[in-house]
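Input: a single structure, listed below in structure tokens.
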Amino acid sequence: MRRFALTAALCLLAACARNDLAEPPVDLGNFVLGHNIVVADKVQKVPISRAATPEEWEAAMKKAVADRFGRYEGTKVYNIGIAVEAYALAPPGIPVVAAPKSVLVVTANVWDDAAGKKLNAEGKQLTIFESFDGDNVIGTGLTKTREQQMEALAYNAAKAVEGWFLENPEWFGLPPKPARPGTKPTEVEASRPAPAETPAPAGETPAPAAK
Numbered sequence: 001m002r003r004f005a006l007t008a009a010l011c012l013l014a015a016c017a018r019n020d021l022a023e024p025p026v027d028l029g030n031f032v033l034g035h036n037i038v039v040a041d042k043v044q045k046v047p048i049s050r051a052a053t054p055e056e057w058e059a060a061m062k063k064a065v066a067d068r069f070g071r072y073e074g075t076k077v078y079n080i081g082i083a084v085e086a087y088a089l090a091p092p093g094i095p096v097v098a099a100p101k102s103v104l105v106v107t108a109n110v111w112d113d114a115a116g117k118k119l120n121a122e123g124k125q126l127t128i129f130e131s132f133d134g135d136n137v138i139g140t141g142l143t144k145t146r147e148q149q150m151e152a153l154a155y156n157a158a159k160a161v162e163g164w165f166l167e168n169p170e171w172f173g174l175p176p177k178p179a180r181p182g183t184k185p186t187e188v189e190a191s192r193p194a195p196a197e198t199p200a201p202a203g204e205t206p207a208p209a210a211k
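Going by the UniProt record's numbering, the sequence shown opens with residue 1, and the numbers climb by one from there.
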């Protein structure tokens with residue numbers, strides 16, 4: 001029964017894992033990737049974790065960024081910078097009941113290359129977990145190699161950065177997202193002058209203002 005359960009869990013992992021890079025990329029306006037900068041010289045490892053070097057994290061993250069953002073063919077160059085802050089790679093040998101998770105913490109920034117200007121005021125910190133593809137059934141320390149865990153985390157991190165970009169379409173020449181009901185207008189919106197009143201046609205008396 002144990003062997004059957006393990007086999008079933010592995011099949012579930014294989015069936016549920018999904019890679020969207022073969023699909024058309026989401027709309028990022030005029031985006032085209034310029035510099036792909038990843039640094040991991042200050043990365044911290046959670047004590048109970050498989051070990052990975054800063055160079056390995058930089059290589060894995062650079063590949064994930066290139067794979068995702070290298071697909072865009074816009075007309076304006078943007079540079080992406082990512083700092084790998086911390087990680088935990090679930091080790092093998094832990095009871096299935098514990099189902100340890102792998103996690104990665106990164107901070108992302110994006111620059112308008114032509115303007116030499118960073119578009120986000122503060123770095124965007126993202127906490128990344130492996131895909132919810134059955135890992136809640138069995139820990140990936142028992143089903144994946146260290147390299148596979150790093151690849152999955154880097155893939156999800158690049159996808160999370162893309163999701164962050166989609167929250168700020170005005171950076172890429174797209175209309176800003178509409179404000180949610182109940183939110184206050186931004187400083188730019190609040191500073192815009194009120195639209196001028198349309199004069200009444202000649203011979204007509206303007207309607208009185210509502211009280």
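Backbone N, C-alpha and C fix where the C-beta goes; we use that ideal spot for every residue, glycine too.
The model shown is predicted, which means the values in this text are computed figures rather than measured ones.
Can you tell me the Cα-Cα spacing of residue i and residue j, whole angstroms?
i, j, result
"Asp20", "Trp164", "17 Å"
"Ser131", "Glu151", "11 Å"
"Phe31", "Ala108", "16 Å"
"Ala60", "Glu122", "24 Å"
"Val103", "Ala115", "35 Å"
"Pro47", "Val39", "21 Å"
"Arg50", "Thr145", "10 Å"
"Phe129", "Asn168", "23 Å"
"Asp41", "Gln149", "20 Å"
"Asn136", "Val65", "Note that Asn136 scores a pLDDT of 46, beneath 50, so its modelled location is shaky; the value from the coordinates is reported in the next line. Near 27 Å, if we compare the C-alpha coordinates of Val65 and Asn136."
State the CB to CB distance for the pair residue i and residue j, rounded to an integer number of angstroms; the pair is presumed to be in contact (CB under 8 Å).
i, j, result
"Gly34", "Asp113", "5 Å"
"Ala90", "Lys101", "6 Å"
"Gly70", "Gly29", "Incorrect: roughly 16 Å between the Cβ atoms, too far for contact."
"Glu162", "Val77", "Not confirmed; about 17 Å, so no contact."
Could you say which of the options lies nearest to residue i if we only look at CA atoms?
i, options, result
"Lys124", "Tyr155, Ala83, Gln148 and Val46", "Ala83"
"Ala80", "Glu147, Ala179 and Lys118", "For the record, residue 80 in the displayed sequence is Ile; it is not Ala. Considering only alpha carbons, the answer is Lys118."
"Asn120", "Thr127, Val110 and Gly74", "Val110"
"Ala160", "Leu126, Pro100 and Lys63", "Leu126"
"Ala88", "Ala158, Tyr155, Glu122 and Gln44", "Gln44"
"Pro92", "Thr143, Ile128, Glu55 and Asp67", "Thr143"
"Leu153", "Pro169, Lys63 and Trp171", "Lys63"
"Asp67", "Asp41, Tyr155 and Trp171", "Tyr155"
"Glu58", "Pro175, Glu170 and Ala157", "Ala157"
Quick one: using the 10 Å Cβ neighbour count with 16 as the cut-off for buried, is residue i buried or exposed?
i, result
"Arg180", "exposed"
"Lys177", "exposed"
"Thr53", "exposed"
"Ala22", "exposed"
"Ala190", "Residue placement at Ala190 cannot be trusted, given a pLDDT of 43 that sits under 50; what the coordinates show is reported in the next sentence. It counts as exposed."
query = What are the uninterrupted segments assigned as alpha helix (DSSP H) that are 4 or more residues long and contained completely in the region 18-42, given in chain order?
reply = none
message = Restricting to runs no shorter than 4 residues, where is the alpha helix (DSSP H) found entirely within the region 56-116?
response = none
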